[in-house]
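Chains as they are written, first to last, in my numbering: chain A, 20 to 273; chain B, 39 to 307.
The next block holds one structure in the form of structure tokens; read it before the comments.
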């Protein structure tokens, strides 16, 4: 018998084996494809000379810094808009008119203002991360059980305590979900900026491999980005379960 | 307790007969609909008042007015002679939906602690007080449990403990046992009676269970629906301490139950 967990790997492994056989059978010569074995070798070599690690570091620094900045701004506004309805109505048109701008469309301006490098990339990632976190944390606060707000009123909690002891903990599981979503977006946007223009990180490394006519290396980077995305999400899911296991338990019970 | 018209005695100086909670010609409109119309009502310090009525008659709304969670459209609600413009820490509210009123991310001890934190008790003193309160409501060994790990009856005890932590002069209870099974409910009724006896708090207790109202109260008020107004007022002179068997078999208990039952039937017709 095959263990349950291993079944999920059956299909990808089979596809890789078939690809390898096919590539060897037709003596593949291509600028866009490479046999899986060549991709694996290219990845191992890129690890050996450290180029993958440098690129990964650059991309993750930009993605995480952007996520932190954008997340903080989005969270602050989301909480403020969730608590103060007047503020929400005041900002509605402004937010709804800025939000639809694709973050990548800021590239030309950011490039002129900040030049190549981390700063420009971080700003664009931050812009992209503000919105999901703002919208979802605002909704999380709007969705807090009204009875809890009444309890805080009945106990005459100070406004600071009401936010700190009731509103934030009650909204936290959903805010964390927003961060998970934004983390995925941060990685996508960071790599996109690198592919488009910024000469650092994994995106730039893919472009270099492409221009060097190295499909094996290009695909190796692609594979590696997928691994990073998977690890990032898995890590956040584990953290979420660890941090909010009890809140999840409550939601199931009611 | 004498039956003197408390309203005429309302004075600026302390008076044991002065009502602690007073509704004067209170009307409340919500969303263009009159929910409560012209209710005048005095509750004396230490009195146990029960409010009954068909569903939708405004019993819960009346309780929220007393709590300061709603403001009347006209008329006044006062507490110790002062208008209720917002909730007060010495008025505790026990909500029916204990599952929603407790903080799911805090343990039983943490939930009780919230009320102590609100009143500014230094953290060094809290632990002992929390132990004492949990013991008082019969949850001494559950301090570390989360609400989701507790039964409905235990959660409601926990909410009561949090309310007692406020050291309330008045306890406002909104169908607190409505969602509990009969055995748990009777046990909690007796516990509430002894806790209230010990704390000397004034109680307004909203319920749709007529027997519960008679069993617990010094006085029962029945509301008529659409809009909510007082339809019946009964003094309950059954001897205390009350007993689940003998009190409920008392001929006077049965007479009162009959009277309230007829009132509810007539109000629904």
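For glycine and all other residues, C-beta sits at the position ideal for the given N, C-alpha and C.
Proximity of the segment 283-300 of chain B to the segment 262-274 of chain B meets the contact definition, three or more beta-carbon pairs being nearer than 8 Å. Closest in C-alpha terms to residue 162/A, from the list 146/A, 147/A and 191/A, comes 191/A. At a C-beta separation below 9 Å, residue 125/B has these neighbours in chain A: 169, 172, 173, 174 and 175. Going by beta carbons, residue 144/B and residue 175/B fall outside the 9 Å limit.
Residue 254/B and residue 189/A have their C-alpha atoms spaced approximately 35 Å apart.
Interface with chain A (9 Å Cβ-Cβ cutoff): residue 138/B is included. Annotation: residue 269/B is outside any alpha helix (DSSP H); the continuous beta strand (DSSP E) that includes it extends over 267-273.
Residue 182/A sits in a helix when the DSSP states are folded into three classes. Here residue 181/A is buried, its C-beta having at least 16 other C-beta atoms within 10 Å. The C-alpha of residue 170/A is placed about 19 Å away from the C-alpha of residue 172/B. Counting only residues of its own chain and dropping the five nearest sequence neighbours on each side, residue 217/B has a CB closer than 7 Å to the CB of 134 and 190. Nearest neighbour of residue 70/A by Cα position, chosen from 239/A, 256/A, 262/A and 259/A, turns out to be 239/A. Between the segment 60-73 of chain B and the segment 205-219 of chain B there are fewer than three C-beta pairs closer than 8 Å, too few to call the two in contact. Taking CB atoms only, residue 208/B has no neighbour in chain A less than 9 Å away. Restricting attention to alpha helix (DSSP H) runs no shorter than 4 residues, the segment 201-268 of chain A encloses them at 220-230, ordered along the chain.
By DSSP's assignment, residue 258/B forms a beta bridge with 88/B and 272/B. Sequence-distant partners of residue 136/B (beyond 5 residues in either direction) whose C-beta falls short of 6 Å from its own C-beta, in its chain, are 193, 194 and 197. For residue 164/A, the C-beta contacts it makes with chain B under 7 Å involve 138, in order along the chain. With a cut-off of 8 Å on Cβ pairs, the segment 54-68 of chain A is not in contact with the segment 246-256 of chain A, counting fewer than three such pairs. Counting along the chain, residue 283/B sits inside no alpha helix (DSSP H), nor does DSSP assign it H or E at all. In terms of Cβ geometry, residue 183/B and residue 83/B do not form a close pair [threshold 9 Å]. Per the coordinates, the alpha-carbon of residue 130/A lies some 27 Å from the alpha-carbon of residue 112/A. The shortest CA-to-CA distance from residue 106/B to any of 94/B, 120/B and 88/B is the one to 120/B.
No Cβ of chain B is located within less than 9 Å of the beta carbon of residue 45/A. DSSP lists 208/B as the beta-bridge partner residues of residue 129/B. In this structure, DSSP gives residue 118/B a state outside helix and strand, which the three-state scheme calls coil.
Close to residue 215/B, with beta-carbon spacing below 9 Å, lies no residue of chain A; the smallest spacing is near 17 Å.
By the Cβ criterion, the segment 146-156 of chain A is in contact with the segment 195-203 of chain A, since at least three pairs of Cβ atoms, one from each stretch, lie closer than 8 Å. Residue 206/A places its beta carbon 9 Å or farther from that of residue 124/A. From the beta-carbon of residue 141/B, the residues of chain A found nearer than 9 Å are 167, 170, 184, 185, 188 and 189.
The beta-bridge partner set that DSSP reports for residue 71/B consists of 68/B.
Interface residue (Cβ-Cβ distance to chain A less than 9 Å): residue 181/B is not classified as such. Here the segment 96-111 of chain B does not lie against the segment 148-162 of chain B, with fewer than 3 beta-carbon pairs under 8 Å apart. Residue state for residue 62/B is assigned as strand, using DSSP reduced to three classes. Between the alpha carbons of residue 29/A and residue 164/B lies a distance of about 58 Å. Rounded to the nearest whole angstrom, the CA to CA distance from residue 202/B to residue 233/B is 9 Å.
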